Amino acid sequence: MAMRSLRRNPYLSALMIGALAVGITASMIAVTLYHARSGHPIPWKEDTLFAVALDPRDEGPDDNFARHPEYPPFQLTYQDAQALYASDIPVRSVMMYKAAKVLTPDRPGAKPFGVAIRVTTAEFFRAFDAPFIYGSGWSRADDDAPAAVVVLSKFMNDKLFAGANSVGRDVMLGGHTYRVAGVLGSWMPRPKYYDLNNGTFDIPEEVFLPFGWMKALKLGTAGNTNCVSRNAKFTGFESLLTQDCVWLQFWVEFRHASDRARYQIFVDNYTNDQRSHGRFPRKNNNWIVNVTTWLGMWDVVGDESRVQVVLGFVFLGVCILNTLGLMLAKFMSAAPIAGLRRALGANRMDIIRQHLIEVVVVGLLGGAAGLILTLGGLQVLKVWLFSGGLQDTENPDSVALVNSFVHMDLSVVVIAIGLSLLTGILAGLYPAIRIGRLAPATFLKTQ
Amino acid sequence: MIDMQAVNKVFRTETVETYALRNLTLKVNAGEFLAITGHSGSGKTTLLNVAGLLEGFDAGSYALDGQDVNRLSDNERSRIRNEKIGFIFQGFNLIPDLNIHDNVEEPLHYRGMPSRERERRIVASLERVGLSTRSKHIPSQLSGGQQQRAAIARAIAGDPRVILADEPTGNLDTTMSNQIMDLLQEINAAGTTIVMVTHNPELAQRAHRQVHVVDGQIAHTQQFKPWKAEEGSASVVS
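The listed protein sequences correspond, in order, to chains A and B.
According to this note's numbering, the residues represented by the first sequence are 401 to 847, in order.
According to this note's numbering, the residues represented by the second sequence are 74 to 311, in order.
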């Protein structure tokens, strides 16, 4: 009966379903993109994994932090990173940066190509839970030596060794030979929280190199360097080691959440001590922040995403109101037939049930059409927003990253269906109850 | 069958109270064919609506088939409408997008009747009104007289105790009106009580008795012929 009622006005029904679908599409695309940005990459270490930021800046306003003058620079100087790295309060400390080198494949005819390298201390892999499929990382001693070892990403291992276990094999990087110590499995923290300097959403580096190679190779950073003191003079690689220029990411992991307080004291004491030597002119501004706070400081989600979600739902609201109006008009115009059915013996529940089935069908069809439109819309967005980045890539991780952005997850689907059903029920219940309440004769007279 | 005692029905607006029925007392016997006449606005249709439980009333008492309907719940009123009353309207009131078969099925549906029994009754009642070959037509494909016969089939399919007909021939020409009246008389002869509102004095005379309503009250009654007291309860369609 409900289906018949829908077919009675096919255009009106299509209009209602279409209005719902468009509203759901707009809001779901916004929610999907927001979701992709707002995810937590490592929730199980929320209480134990912390980024460290110190504030060696000169006094006075800093244009780089106009919006949040209270924030310290997000990276550390080499001198400070070295000092903090010596502490044994954290169970793991990681100092690191991003670099780039040319890799020469050991295959006749294969052309050398550039690779992104993470130059890092040994604990990187365990601190950030990077999974190994072959071998393992290296030791602190390998950092100091430095040992000629590398860890490869899965993509790089696939590319160089066709995915075989390459542990013990050699890799030629910038003219030096390194032995493969380990190969990572698929790993794509999203956002790339451990280093947000080169874009919030980026794939991990392809090669991982012990930190000692920084000095040994005079290997500069491919990331961001910011000299925070007026006295700092940047003249080349050596300046990275001696001047107040920040360029290293620094993370600590504690065994117990309570160690954080001890570590804060340690860091504060360090900067106090430095102040007595003429550095750190500002009062202590040492931040030891968990991943959630860190992502907030970097504004990973971004106001735009939030505004998009709000606008998406406002638009959905408008569409719902439209559908509501159409349904009310439809049901009220069909009231005489409902009145006739009452005369023939239908009770209130019969009438309400019939209306509800009709609106649930409209809601479900609207939701389904909205989901299909959302999937289509996300594919269009993928082409628009990311086609540049995907054109030259052969790295499946990049493709996977983009896909993960436009991937609608289950919770979004559930929200969409729930919303459309709620809309339908809201739109259908009122007229059904109204018709049910009035005496059947009221509507028969208007027949 | 119908026993109304001093029934009042008042329509209220903010400023005016209008008595549609005023201390109306009416008794309709089982098996009787009663015609209600009166001018427009005299309260005929309200009387029929109250009798058919399509509207409540404000004072008095009303027993239908021996059951006091004063304090019934909405669900119980729906059930009584469905099981004991058949309605025939001036405008036919068929559901436009249902075919004749499905229109006749509508009240049986609400009774929760098994489909085989529903089918048997639909076939029998359509045959009874001479529309068995039109069961797949939708109302707009039929003439006015055929539509009214379909409405009668719908009214009798549930084997009601009483049929309430509100100007059943009001939209029909004389020939068709006579056919409809023949049909109603046949149904009445088979034992179903009929209460019919009409403007037409000639048609009214085909009933056993006529009551004339003026200002919500029965002004006079005229007996045209005696009716036989109910002999068993012969079903109309079986």
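Glycine included, every Cβ here is placed at the ideal spot set by N, Cα and C.
Predicted, not measured: the structure shown is a model, and the values here were computed from it.
Residue i, DSSP secondary structure in three states
i: His-272(B); result: coil
i: Gln-664(A); result: helix
i: Pro-643(A); result: Looking at the sequence shown, residue 643(A) is not Pro but Gln. In this structure, Gln-643(A) counts as coil in the three-state DSSP scheme.
i: Val-452(A); result: strand
i: Gly-514(A); result: strand
i: Arg-282(B); result: strand
i: Met-849(A); result: Absent from the model: residue 849(A). The displayed extent of chain A is 401 to 847, so no value can be given.
i: Thr-425(A); result: helix
i: Trp-444(A); result: helix
i: His-182(B); result: helix
i: Ala-499(A); result: strand
i: Glu-293(B); result: Looking at the sequence shown, residue 293(B) is not Glu but His. Correct three-state label for His-293(B): strand.
i: Ser-306(B); result: Unreliable positioning characterises Ser-306(B) in this predicted model, as indicated by a pLDDT of 44, which lies under 50. A coordinate reading is not provided.
i: Arg-467(A); result: coil
i: Val-549(A); result: strand
i: Gly-133(B); result: strand
i: Thr-477(A); result: coil
i: Gln-78(B); result: strand
i: Trp-651(A); result: strand
i: Ala-530(A); result: coil
From the options, residue whose alpha carbon lies closest to that of residue i
i: Arg-742(A); options: Ile-225(B), His-285(B), Phe-130(B), Glu-156(B); result: Glu-156(B)
i: Gly-535(A); options: Asp-544(A), Val-549(A), Ala-541(A); result: Val-549(A)
i: Leu-204(B); options: Gln-219(B), Glu-190(B), Ile-168(B); result: Gln-219(B)
i: Leu-609(A); options: Leu-771(A), Pro-473(A), Ser-553(A); result: Ser-553(A)
i: Pro-456(A); options: Lys-683(A), Asp-703(A), Ser-539(A); result: Lys-683(A)
i: Ile-109(B); options: Pro-299(B), Lys-298(B), Pro-274(B), Gly-217(B); result: Pro-274(B)
i: Pro-831(A); options: Val-814(A), Arg-748(A), Phe-561(A); result: Arg-748(A)
i: Phe-654(A); options: Leu-476(A), Val-709(A), Trp-444(A); result: Trp-444(A)
i: Pro-505(A); options: Lys-730(A), Ala-562(A), Phe-525(A), Thr-425(A); result: Ala-562(A)
i: Glu-794(A); options: Asp-558(A), Gln-479(A), Ala-426(A); result: Asp-558(A)
i: Asp-458(A); options: Thr-671(A), Ala-541(A), Pro-681(A); result: Pro-681(A)
i: Leu-215(B); options: Ile-168(B), Arg-144(B), Ser-134(B), Arg-279(B); result: Ile-168(B)
i: Gly-696(A); options: Val-422(A), Asp-673(A), Gly-439(A), Pro-410(A); result: Gly-439(A)
i: Tyr-92(B); options: Ile-267(B), Gly-111(B), Phe-130(B); result: Phe-130(B)
i: Asn-669(A); options: Ala-657(A), Val-515(A), Asn-685(A); result: Asn-685(A)
Alpha carbon of residue i to alpha carbon of residue j, nearest angstrom
i: Thr-825(A); j: Ile-833(A); result: Inspection of the sequence shows that residue 825(A) is occupied by Ile rather than by Thr. Straight-line Cα distance between these residues: approximately 12 Å.
i: His-48(B); j: Leu-107(B); result: Because chain B in this structure spans residues 74 to 311, residue 48(B) falls outside the shown range and cannot be described.
i: Arg-569(A); j: Val-799(A); result: 28 Å
i: Ala-841(A); j: Val-707(A); result: 51 Å
i: Gln-163(B); j: Asn-244(B); result: 6 Å
i: Thr-448(A); j: Ala-510(A); result: 44 Å
i: Pro-796(A); j: Gln-754(A); result: 51 Å
i: Arg-150(B); j: Gly-739(A); result: 14 Å
i: Glu-758(A); j: Leu-716(A); result: 20 Å
i: Thr-577(A); j: Met-496(A); result: 21 Å
i: Ala-307(B); j: Thr-242(B); result: Only weak support is given to the placement of Ala-307(B): the predicted model assigns it a pLDDT of 43, under 50, and the value that follows is read from those uncertain coordinates. So the alpha carbons of these two residues sit roughly 26 Å apart.
i: Gly-125(B); j: Ala-734(A); result: 22 Å
i: Arg-407(A); j: Ser-413(A); result: 8 Å
i: Val-309(B); j: Arg-184(B); result: At Val-309(B) the pLDDT is 46, less than 50, meaning the model places this residue with poor confidence and gives no usable figure here.
i: Gly-612(A); j: Val-519(A); result: 8 Å
i: Pro-770(A); j: Val-783(A); result: Note on residue identity: the sequence assigns Gly, not Pro, to residue 770(A). Looking at the two C-alpha atoms, the distance is approximately 20 Å.
i: Val-761(A); j: Leu-433(A); result: 28 Å
i: Lys-365(A); j: Asn-597(A); result: Not covered by the structure: residue 365(A). The range shown for chain A is 401 to 847.
i: Leu-120(B); j: Ala-132(B); result: 13 Å
i: Val-583(A); j: Ala-500(A); result: 19 Å
i: Val-814(A); j: His-435(A); result: 14 Å
i: Thr-635(A); j: Thr-425(A); result: 53 Å
i: Phe-805(A); j: Gln-779(A); result: 10 Å
i: Pro-473(A); j: Ser-493(A); result: 19 Å
i: Gln-649(A); j: Thr-625(A); result: 11 Å
7 Å Cβ cut-off: residues of chain A touching residue i
i: Pro-180(B); result: Leu-744, Gly-745
i: Leu-127(B); result: Ala-743, Ala-839, Pro-840, Ala-841, Leu-844
i: Asn-122(B); result: Ala-841
i: Asn-261(B); result: Under the 7 Å cutoff, chain A gives no residues; its nearest Cβ is about 21 Å from Asn-261(B).
Partners in chain A for residue i, counting only beta-carbon separations shorter than 9 Å
i: Arg-184(B); result: Gly-745
i: Asp-152(B); result: According to the sequence shown, residue 152(B) is Arg rather than Asp. Chain A residues near Arg-152(B): Gly-745, Asn-747.
Chain-ordered neighbours of residue i on chain B, where CB pairs are closer than 7 Å
i: Arg-748(A); result: Asp-147
i: Val-737(A); result: Residue identity differs from the one stated: residue 737(A) is Ile in this sequence, not Val. Simply Ile-168.
Check: residue i C-beta below 7 Å from any heavy atom of the ligand SAM
i: Asp-543(A); result: You won't find the ligand SAM in this model; it holds no ligand whatsoever.
Chain B residues whose Cβ lies nearer than 8 Å to that of residue i
i: Leu-740(A); result: Asn-166, Ile-168
Chain A contact residues for residue i, given Cβ-Cβ distances below 8 Å
i: Phe-160(B); result: Ala-743, Leu-744
i: Asn-244(B); result: Under the 8 Å cutoff, chain A gives no residues; its nearest Cβ is about 12 Å from Asn-244(B).
task: Mind listing, in chain order, the continuous beta strand (DSSP E) runs of no fewer than 3 residues lying wholly within the stretch 657-702 of chain A?
output: 687-690
query: What are the uninterrupted segments assigned as beta strand (DSSP E) that are 3 or more residues long and contained completely in the stretch 715-764 of chain A, given in chain order?
result: none
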